[in-house]
Amino acid sequence: MSTRCRWPISRERASRLACEGGPVAVQTATDLSDETPAVRASDVEREQTVGVLRRHTINGRLTLEEFAHRLDLAFDARTRPELEALTSDLPGDSSELQPRKRRRPKRFTGVAFGSVERKGRWRLPRFAALTVFFGDADIDLRTAEIGGRVVTITALLLFGNADFYVPTGVDIDIGGATVFGHRREHGDDEPTPDAPLVRIRVYSLFGTSDVWRIAPETSGSFRELIRSVRERRELDAG
């Protein structure tokens with residue numbers, strides 16, 4: 007009568023059963039998984055990946071739709087390999103093609119799931135970047151110190167809104183790309199001689215951007231400033 011054994015068994019018992027003529031279930035090395043579990047990703051690593059995706063979207067390597075898709079995957083990623091796969095087809099800082107030296111935009115403000123304001127006396131660099139994710143931003147340039155004859159603001163909006171308050175007399179050039187959103191300019195004003203040029207480039211997905219021309223001496227909250235522009239437009243139309 008053969009002896010049955012249960013899995014798993016020790017080497018000593020396997021030898022004894024083999025001598026007795028019973029079938030032996032032997033656990034071999036191939037039965038053991040030698041794969042190392044993937045390292046878990048941290049919140050900091052997710053934010054770093056989002057920053058890389060955002061930078062390449064501003065540079066034109068990713069479309070807004072691609073950015074939104076990879077952003078969802080980044081927030082859902084649980085391991086480092088999942089995050090690395092999202093940027094595997096994008097060049098790193100060391101491999102960026104730079105035929106000419108260009109000044110990188112300086113991120114002067116950003117918001118995620120909230121609101122942010124920039125107003126009063128503050129310095130606007132020649133190249134600035136604004137990021138808004140599921141939030142609102144109010145950028146008041148009326149008393150800002152403009153850092154050059156020509157300044158460029160690049161704004162990336164994802165399910166967000168941005169309002170720019172520009173003093174009358176300043177030359178404005180508005181551009182960018184908007185998918186399922188609005189990009190609007192309010193007020194009509196001729197730039198003064200030797201006025202600085204403010205370039206505003208807005209790239210938005212399900213976002214809205216508004217540029218309001220406000221007289222420097224106008225006071226009040228942002229809502230009151232917007233109401234004054236609309237009232238002036240109605241008076242001009244009437």
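Okay, so the sequence shown: first residue is 7 according to this note's numbering, each after it adds one. Note that beta-carbon positions come from the ideal geometry of N, C-alpha and C, so glycine has one too.
Proximity winner among the options, relative to residue i (alpha-carbon distances)
i: Asp194; options: Arg205, Ile178, Val208, Ile206; result: Ile178
i: Leu162; options: Glu90, Trp128, Phe73; result: Phe73
i: Asp216; options: Glu237, His192, Arg155, Ser225; result: His192
i: Arg236; options: Gly120, Trp218, Ser225; result: Trp218
i: Asn65; options: Gly182, Gly226, Glu196, Ser234; result: Gly182
i: Ser48; options: Ser121, Val56, Arg84, Val157; result: Arg84
i: Gly154; options: Asp200, Tyr171, Glu196; result: Asp200
i: His188; options: Glu71, Asp169, Leu147; result: Asp169
i: Asp142; options: Thr214, Ile232, Lys125, Leu130; result: Thr214
i: Pro202; options: Arg238, Gly226, Leu130; result: Leu130
i: Arg190; options: Leu70, Ile232, Pro222; result: Ile232
i: Val204; options: Thr93, Pro222, Arg46, Val156; result: Val156
Backbone CA spacing between residue i and residue j [nearest angstrom]
i: Arg86; j: Asp95; result: 16 Å
i: Thr149; j: Glu123; result: 14 Å
i: Leu103; j: Gln54; result: With a pLDDT of only 39 at Leu103, under 50, the local geometry of the prediction cannot be trusted, and no value is derived from it.
i: Arg76; j: Thr224; result: 43 Å
i: Asn167; j: Val138; result: 7 Å
i: Pro173; j: Ile206; result: 14 Å
i: Arg127; j: Glu151; result: 7 Å
i: Thr115; j: Tyr209; result: 16 Å
i: Phe140; j: Gly57; result: 15 Å
i: Val176; j: Phe133; result: 17 Å
i: Tyr171; j: Val117; result: 18 Å
i: Arg60; j: Ile145; result: 20 Å
i: Ser101; j: Leu89; result: Residue placement at Ser101 cannot be trusted, given a pLDDT of 41 that sits under 50; what the coordinates show is reported in the next sentence. Between Ser101 and Leu89, the C-alpha separation is close to 19 Å.
i: Thr198; j: Gly120; result: 36 Å
i: Glu196; j: Ile220; result: 13 Å
i: Arg67; j: Ile180; result: 21 Å
i: Thr158; j: Thr69; result: 20 Å
i: Arg46; j: Lys125; result: 41 Å
i: Glu71; j: Gly226; result: 38 Å
i: His62; j: Pro97; result: 9 Å
i: Glu230; j: Ala91; result: 47 Å
Residue range of the beta strand (DSSP E) that includes residue i
i: Asp142; result: 142-146
i: Phe133; result: 133-139
i: Val185; result: 177-185
i: Asp216; result: 214-220
i: Thr63; result: Here Thr63 belongs to no beta strand (DSSP E); instead the alpha helix (DSSP H) covers 49-64.
i: Thr174; result: Neither: Thr174 is in no beta strand (DSSP E) and is coded neither H nor E.
i: Ser121; result: 121-124
i: Val45; result: First-last for Val45: undefined, no H or E at that position.
i: Glu191; result: 188-192
i: Leu203; result: 203-211
i: Ala161; result: 156-164
Range covered by the alpha helix (DSSP H) that runs through residue i
i: Arg76; result: 70-82
i: Ala91; result: 86-92
Distance between beta carbons of residue j and residue i, contact taken as under 8 Å
i: Phe212; j: Phe165; result: 5 Å
Buried or exposed (CB count within 10 angstroms, at least 16 for buried), residue i
i: Thr34; result: With a pLDDT of only 48 at Thr34, under the threshold of 50, the placement of this residue in the model should not be trusted; the figure read from the coordinates follows. It is exposed - the Cβ of Thr34 has fewer than 16 other Cβ atoms within 10 Å.
i: Val185; result: exposed
i: Val50; result: exposed
i: Lys107; result: Annotation note: pLDDT 48 at Lys107 (below 50); position unreliable, coordinate value reported separately. With fewer than 16 Cβ atoms within 10 Å of its Cβ, Lys107 is classed as exposed.
i: Thr160; result: buried
i: Ala44; result: exposed
i: Ala80; result: buried
i: Ala135; result: buried
i: Thr42; result: exposed
Any non-hydrogen atom of the ligand PLP closer than 8 Å to residue i Cβ
i: Thr115; result: Questions concerning the ligand PLP fall outside what the structure shown contains, since it holds no ligand whatsoever.
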